[in-house]
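Chemist:
There are 2 protein chains.
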Amino acid sequence: MRRPTLEAVAARAGVSRATASRVVNGQTTVAPHIRDAVQRAIDELGYVPNSAARSLVTQRTDSVALVVSEPGTRVFSEDPLFSTAIRSASMELEAINKQVVLMLASSPKSHARVERYISGGHVDGVMLLSMHGADPLPSALSRLRVPVVSYGRPAVPVDIPFVDNDNVGGAEAGVRHLVEAGRRRIATIAGPQDMIAGQDRLTGYRNILRDSDRRSIVAVGDFTRESGAVAMRQLLGDDPGLDAVFVANDLMAVGALQSLRQAGRRVPDDVAVVGFDDIEAAKYTEPPLTTLRHPVTEQAAAMVRLLLNLFEGGPTDPIILPTELVVRESA
Amino acid sequence: MRRPTLEAVAARAGVSRATASRVVNGQTTVAPHIRDAVQRAIDELGYVPNSAARSLVTQRTDSVALVVSEPGTRVFSEDPLFSTAIRSASMELEAINKQVVLMLASSPKSHARVERYISGGHVDGVMLLSMHGADPLPSALSRLRVPVVSYGRPAVPVDIPFVDNDNVGGAEAGVRHLVEAGRRRIATIAGPQDMIAGQDRLTGYRNILRDSDRRSIVAVGDFTRESGAVAMRQLLGDDPGLDAVFVANDLMAVGALQSLRQAGRRVPDDVAVVGFDDIEAAKYTEPPLTTLRHPVTEQAAAMVRLLLNLFEGGPTDPIILPTELVVRESA
DNA sequence: GATGGTTGAGAGAGCGCTCTCTCACGAGAT
DNA sequence: ATCTCGTGAGAGAGCGCTCTCTCAACCATC
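Which chain is which? The protein sequence lines are E and W, in order. Okay, so the first sequence: first residue is 8 according to the working numbering, each after it adds one. Okay, so the second sequence: first residue is 8 according to the working numbering, each after it adds one.
(1) LEU109 (chain E) and VAL107 (chain W) look like a contact to me (Cβ under 8 Å); what is the Cβ gap, rounded to whole Å?
(2) Within 8 Å (strictly less), CB to CB, does GLU101 (chain E) reach chain W?
(3) Can you tell me the Cα-Cα spacing of SER219 (chain E) and LEU258 (chain E), whole angstroms?
(4) Would you check if the distance between the CB atom of VAL45 (chain E) and the CB atom of ALA27 (chain E) is smaller than 8 Å?
(5) Would you say VAL55 (chain W) faces chain E, with C-beta separation under 8 Å as the test?
(6) Flag this pair as touching only if the stretch 205-213 of chain E and the stretch 166-181 of chain E have three or more C-beta atom pairs under 8 Å; answer yes or no.
(7) Does DSSP put ASN214 (chain E) in a helix, a strand or coil?
(8) Which residues, taken in chain order from the stretch 190-218 of chain W, show a beta carbon closer than 8 Å to some beta carbon of chain E?
(9) Across the stretch 268-275 of chain E and the stretch 146-153 of chain E, are there enough close Cβ pairs to call them in contact, namely three or more that are closer than 8 Å?
(10) Hey, is TYR158 (chain W)'s beta-carbon within less than 8 Å of any beta-carbon in chain E?
(11) Counting only Cβ pairs nearer than 7 Å, list the residues of chain W close to HIS118 (chain E).
(12) Alpha helix (DSSP H) containing ALA60 (chain E): first to last residue?
(13) Using only alpha-carbon positions, find the residue among E:GLU51, E:THR36, E:ASP142 and E:ARG192 that is nearest to ALA20 (chain E).
(14) Which term fits LYS105 (chain W), buried or exposed, when burial requires 16 or more other beta carbons within 10 angstroms of its beta carbon?
(15) According to DSSP, is GLY181 (chain E) part of a helix, a strand, or is it coil?
(16) Can you list, in chain order, the residues of its chain whose CB lies under 8 Å from that of VAL303 (chain E), leaving out five sequence neighbours each side?
(17) Using a Cβ-Cβ cutoff of less than 8 Å, which residues in the same chain neighbour PRO164 (chain E) once the five nearest sequence positions on both sides are dropped?
(18) Tell me, please, whether the CB atom of LEU111 (chain W) is closer than 8 Å to any CB atom in chain E?
(19) Examine chain E for any beta-carbon lying closer than 8 Å to the beta-carbon of SER266 (chain W), and answer yes or no.
(20) Considering TYR291 (chain W), what are the terminal residues of the beta strand (DSSP E) in which it resides?
(21) Would you tell me roughly how many angstroms separate the C-alpha atoms of GLN269 (chain W) and SER266 (chain E), rounded to the nearest one?
(22) Suppose only complete runs of 4+ residues qualify. What are the alpha helix (DSSP H) ranges in the stretch 125-205 of chain E, listed by chain order?
(23) Strictly under 8 Å for the Cβ-Cβ distance: is MET98 (chain E) near chain W by that measure?
(24) Would you please verify whether the beta carbon of GLY128 (chain E) is less than 8 Å from any beta carbon of chain W?
(25) Along chain E, which residues have their Cβ under 7 Å away from the Cβ of GLN106 (chain W)?
(26) Three Cβ pairs or more, each shorter than 8 Å: is that satisfied between the stretch 55-70 of chain E and the stretch 59-73 of chain W?
(27) Kindly indicate if chain W contains any beta-carbon less than 8 Å away from that of SER137 (chain E).
(28) If I follow the unbroken beta strand (DSSP E) through PHE253 (chain E), where does it start and stop?
(29) Can you pull the chain E residues whose beta carbon is under 8 Å from the beta carbon of LEU148 (chain W), in chain order?
(30) Can you give me the C-alpha to C-alpha distance between THR195 (chain E) and SER223 (chain E), rounded to a whole angstrom?
(31) Which bits of chain E does LEU63 (chain W) rub up against, with CB to CB less than 7 Å?
(32) So, VAL333 (chain E) versus THR298 (chain E), is the Cβ gap smaller than 8 Å?
(33) Check whether the Cβ of ARG47 (chain E) lies closer than 8 Å to any Cβ atom in chain W.
(34) Quick test of your reading: VAL130 (chain W) and ALA72 (chain W), contact by CB under 8 Å. State the CB separation rounded to the nearest angstrom.
(35) For the beta strand (DSSP E) containing GLU331 (chain E), name the first residue and the last one.
(36) Among E:ALA251, E:LEU317 and E:MET98, whose alpha-carbon lies nearest the alpha-carbon of PHE169 (chain E)?
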């Protein structure tokens, strides 16, 4: 016994398949008593439209892919930002009745799989979470003539609408906070320079230091906790007299705090620390972390709006959202 | 200009649609030179099969739903276990060429959406991550006559194959460790009692205490960090002389450590702490957390295997995986 | 009473694919 | 030379749905 078809519904209601279809799709050109009869047949049979058949004729699937182009471990276990972005985007899309197909594109092999899937017509559009400059996926997808929006400015100049937060402005605000607190030797733990966020946040740091006539002291991490700890030790070795550090993300800041503690530095008394992202854990560090919050949820919403505009021909200008300095105890 | 169809490929290669289809699907009953001609046509046109049309006739979709039935915030931002499970399951499924459709079912409204989607034939099977006993989704889905497997034993007795870790045994091992270290007053911060993991871990705790002739001291949390902190304060108020606490998950253990620090207790000197789950953060607490590791990745793999068996008629007995005590400095 | 317009419902094509059935062809057996 | 059989390829039905086109029925208008 298979699932009931529209044909069965129509037969039971004593109408044609076309009329049954009209009722299913909520068209108004059906007389009330007929509509009721069809509806009753639908309920009795437990009819649910076959999506494959429908999208075969409509050429729509009502689902969009959320492609996460990062090494898998990084995405989930480490950086909570990805998780939040995924969750927010999912909820936004579900609100407009689009289904989310999550795809992890961590290896070249899976890249090929993603491309095949996307071009197979499984989805109406793509939301791309890709952070690395060298990632070939943005340009590959944009070639596929499928609507694509990106979370984060694509590193290669490719014509994809995107949503990003104001990394430069945020970093400037964070470092300015340190300057205004009277800190003299402000170091930074920068993010990886093959990522836009890493580049831009370093740019913001440099902008303020230049303007305030301080020397820049830079160590580079890769946005992981561990790399933050390593970079902090290195900075302390290079310049034991530093009294502040701007860390390009909270995860590295957590590692930095650890190294500072081990080195016997008090935070913020000896060294002030400012992070970036305002992840959940930032509230629970010792001391709680001063950081820059960016509205991940709003970004996801903006991305969905962008994608919708792509479908329907609305404006698709990039959207840059501001960050907000959250002052806690570490600076 | 639309995407090329099989028809176009066939025409270009000078064969029939049927033969082109045979080549696409890798059948061997095609003469080599014909196969080459078709393959060339495919490459030249950039042909990709239309999935809707294919699954309309095959009645398969080659994708499975990963339904996460928890309040959204909890799932991602808080508990890294969900993330790991999702990632692992995704990778396992992708390895066998099944696509993952991630669905968050946080509200009754989204439950309805999920059910509609599942019964709409979008997916071949369902992997269910549901932890709460009161969740109506397991039974609802099992009624849909769709292959379903569950991560974690369903609380209601419903005939769904599942994978779980040995919560009772793990808790026993954790508490036994405390007993063997000579701890006398061993408290527990239990998980929510409407969750199987919460119940079973409390059972394990009670088993050992009973056998070792100690009094049980119980506070109940809800698996969040905050609730762990609150419960720890409460326990210290109830029994200031306690010298150990078994916490039903690491997230709560992190909160408990915080409360212990604030109360001036040294860990493990004054109070030993054992957690459960071995999340990433357990390595970075002060001091690092002794905890019970369960192999989330293997669990996900087992779940995929179970689902495959459901498709193909293999064994579908529940799979219970053992936990492993990871001794760090907190106990 | 003939004409025109409006509304509601059916007929039927066709979306792109798979798969069974059929058939042509050539090799080997009789 | 005839028959059987295996092999490779085509014809065509049909998966379940949407949507255009057509048409019947009804009312209003002249």
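Here a beta-carbon is modelled for each residue, glycine too, at the ideal position from N, C-alpha and C. These figures come from a predicted structure and were not determined experimentally.
Modeler: Looking at the atomic coordinates:
(1) Approximately 6 Å separates the beta-carbon atoms of LEU109 (chain E) and VAL107 (chain W); this is inside 8 Å, confirming the contact.
(2) yes
(3) Rounded to whole angstroms, SER219 (chain E) and LEU258 (chain E) show a C-alpha spacing of 27 Å.
(4) yes
(5) By the rule that beta-carbons nearer than 8 Å mark a contact, VAL55 (chain W) touches chain E.
(6) yes
(7) helix
(8) none
(9) Short answer: they don't touch.
(10) no
(11) Result: empty, since nearest Cβ-Cβ is about 12 Å, beyond 7 Å.
(12) 58-65
(13) E:GLU51
(14) buried
(15) Three-state result, GLY181 (chain E): helix.
(16) LEU88, THR91, ALA92 and SER95
(17) none
(18) Yes, LEU111 (chain W) lies at the interface with chain E (some Cβ there is under 8 Å from its Cβ).
(19) no
(20) Premise fails: TYR291 (chain W) is in no beta strand (DSSP E) and is neither H nor E.
(21) 22 Å
(22) 144-150 and 174-187
(23) By this cut-off, MET98 (chain E) is an interface position.
(24) Chain W has a Cβ within less than 8 Å of the Cβ of GLY128 (chain E).
(25) VAL108 and TYR124
(26) yes
(27) With 8 Å as the cut-off, SER137 (chain E) does not count as an interface residue toward chain W.
(28) Run containing PHE253 (chain E): 251-254, per the beta strand (DSSP E) assignment.
(29) What LEU148 (chain W) touches in chain E: nothing, since even the nearest Cβ is about 14 Å away.
(30) 8 Å
(31) ALA59, ALA60 and LEU63
(32) yes
(33) no
(34) Rounded, the Cβ-Cβ distance is 4 Å, consistent with contact.
(35) 331-333
(36) E:LEU317
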